[in-house]
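If you're matching positions, the sequence shown starts at 1218 in the working numbering and goes up one per residue. Cβ coordinates follow ideal geometry from the N, Cα and C atoms, glycine included. Remember, predicted model here, so these are calculated numbers, not experimental data. A short write-up of the structure that comes next.
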Amino acid sequence: MGIALVAEMMHYDIGPLIKHVVDAQHWNYSDFARAINVSRSSVYNIFSSSDISIGRLLQISRVLNYDFIKDIVEHKCDGGSKEAPYITLPIRGRRIDLSDLPDEIISLIRSEL
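Pasting the structure below:
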């Protein structure tokens, strides 16, 4: 089990945003798939997803040099949804490395623990 970022389908579809950024940066889908260590068909699954694991999203963010988590947080906080952004943390009794997360997400996690 890992940390999962939840973006509700009717409020924020992360897959189409990832596709938009990939297309805007003129990536070939096969090259993008290799860069994130998945098959080309998995790339199409990502593009059609409304949610994604934080680990995968951070990996894609690094490859594309684009902060998707910031976009999600800003969308949720700027009226894109009445609900605050939230994450599921199945970590009881476990230590997790937060060093790759943006500071605002780390602060949010710490405030909820």
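Handout entry: Where the alpha helix (DSSP H) through D1248 begins and ends
Key = The residue you call residue 1248 lines up with position 31 of the sequence shown. It spans 1246–1252 - the alpha helix (DSSP H) in which D1248 sits, taken as one unbroken run.
Handout entry: For Q1276 and D1248, the rounded distance between their alpha carbons
Key = The sequence position of residue 1248 within the sequence shown is 31, counting from 1. The sequence position of residue 1276 within the sequence shown is 59, counting from 1. Computed Cα separation, rounded: 15 Å.
Problem - Status (buried if at least 16 other CB within 10 Å, exposed otherwise) for K1236 - result: Within the sequence shown, numbered from 1, the residue matching residue 1236 stands at position 19. Classification for K1236: buried.
Practice task
Take the Cβ of R1279 as the centre, count every other Cβ of all protein chains shown within 10 Å, and call the residue buried at 16 or more, exposed below.
Solution key: Stepping through the sequence shown from its first residue, residue 1279 is reached at position 62. Counting Cβ neighbours within 10 Å, R1279 comes out exposed, since fewer than 16 surround it.
Practice task
Put S1266 into one of helix, strand or coil per three-state DSSP.
Solution key: The residue labelled residue 1266 in the question sits at position 49 within the sequence shown. Of the three classes helix, strand and coil, the one that applies to S1266 here is coil, per DSSP.
Handout entry: Which of helix, strand or coil DSSP assigns to Y1261
Key = As a position in the sequence shown, residue 1261 is number 44, starting the count at 1. DSSP places Y1261 in helix when its eight states are reduced to three.
Practice task
Can you say whether I1322 is buried or exposed, counting buried as having 16 or more other CB atoms within 10 angstroms of its CB?
Solution key: Within the sequence shown, residue 1322 is the residue found at index 105, counting from 1. Classification of I1322: buried, given that the 10 Å Cβ count is 16 or more.
Practice task
Answer yes or no: do P1319 and D1268 have a C-beta to C-beta separation smaller than 8 Å?
Solution key: Your numbering for residue 1319 matches position 102 in the sequence shown. Your numbering for residue 1268 matches position 51 in the sequence shown. Cβ distance not < 8 Å, so P1319 and D1268 don't count as in contact.
Handout entry: Bounding residues of the alpha helix (DSSP H) (the contiguous stretch that carries Q1242)
Key = Position 25 of the sequence shown, counted from the start, is the residue given in the question as residue 1242. Looking at the DSSP string, Q1242 is not in any alpha helix (DSSP H), and its letter there is neither H nor E.
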